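Step one of this worksheet: look at the structure below.
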Amino acid sequence: MARNNRLDTPRETGRTLRPNFDPEAFGRLSERFARFLGTAGFLVYMTVFVLSWVFWNAFAPVDLRFDDFPFIFLTLILSLQASYAAPLILLAQNRQADRDRIQVSEDRVRNERSIADTEYLTRELASLRNALGEVATRDFLRNELKDVLEEVLDELRGKSKSDTEK
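Residue numbering for the sequence shown follows the working numbering, starting at 120 and increasing by one per position.
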């Protein structure tokens, strides 16, 4: 069978030697890591780890100690952890700032739409009030009908008096 040479579909590339990873996956990992670093559980784990390390290397038999008093290896481990934690926390903060920027932009658009809708409704209400001012209201009609009725009754009374006088 002939090879597919369609121009509307991309050609599959061969294998690459470099690793293929999702950039969002690393961002999600950094956010999870930063979220964990901000918990009380992390503080408890680190406190237990450091205290265990110090007590083991201070009070264990000399043959079983692996990091004597200045605890240089512990300092190295904590420095390594901090050197990875700081950039991951910054990456998580940048991703959150991007989400906040998008949210602010969407809020701005929503507010502009709300203001436009409010202005439209205000104009419509004003035009309805103007149109209503030109239309006879119920009270106005009632008063006019009363006046006309009184005039008709007066005319009828006037005719009936003239008929009785004749």
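C-beta atoms are modelled at their ideal positions from N, C-alpha and C, and glycine is treated no differently.
All values reported here derive from a predicted model rather than from experimental measurement.
Under a Cβ-count criterion, where at least 16 other Cβ atoms within 10 Å of its own Cβ denotes burial, should A211 be classed as buried or exposed? Along the sequence shown, one-based indexing puts residue 211 at 92. Under this definition A211 is a buried residue.
6 Å CB neighbourhood of L272 in its chain, flanking five on each side removed: The residue given as residue 272 occupies position 153 in the sequence shown. Cβ within range, chain order: n/a, list empty.
Within the chosen definition, does the stretch 211-221 reach the stretch 149-163 through at least 3 CB pairs nearer than 8 Å? yes
By how many angstroms is the C-alpha of E243 removed from the C-alpha of L264? Position 145 of the sequence shown holds residue 264. Position 124 of the sequence shown holds residue 243. Cα to Cα, the separation comes out at about 31 Å.
Could you have a look at A204 and say whether DSSP puts it in helix, strand or coil? Taking the sequence shown and counting its residues from 1, one reaches residue 204 at position 85. Correct three-state label for A204: helix.
Secondary structure of V173, DSSP reduced to three states: The residue you call residue 173 lines up with position 54 of the sequence shown. Annotated three-state conformation of V173 is helix, per DSSP.
Could you check the C-alpha separation between D236 and G252 for me, to the nearest Å? On the sequence shown, residue 236 is found 117 positions in, with the first residue counted as 1. On the sequence shown, residue 252 is found 133 positions in, with the first residue counted as 1. Each residue's alpha carbon lies about 24 Å from the other.
Thinking C-beta only, is L193 closer than 8 Å to V66? The chain is shown only over 120 to 285; residue 66 falls outside these bounds and no answer can be derived.
Considering F145, what are the terminal residues of the alpha helix (DSSP H) in which it resides? Locating residue 145 in the sequence shown gives position 26, counting from the first residue. Here the alpha helix (DSSP H) through F145 covers P142 to L156.
Would you report the Cα separation of S171 and L162, rounded to the nearest angstrom? For the purposes of this step, residue 171 is taken as residue 52 along the sequence shown, with counting starting at 1. For the purposes of this step, residue 162 is taken as residue 43 along the sequence shown, with counting starting at 1. Approximately 14 Å, taken between the alpha carbons.
Does DSSP put A179 in a helix, a strand or coil? One-based indexing of the sequence shown puts residue 179 at position 60. The answer is coil: DSSP assigns A179 none of H, G, I, E or B.
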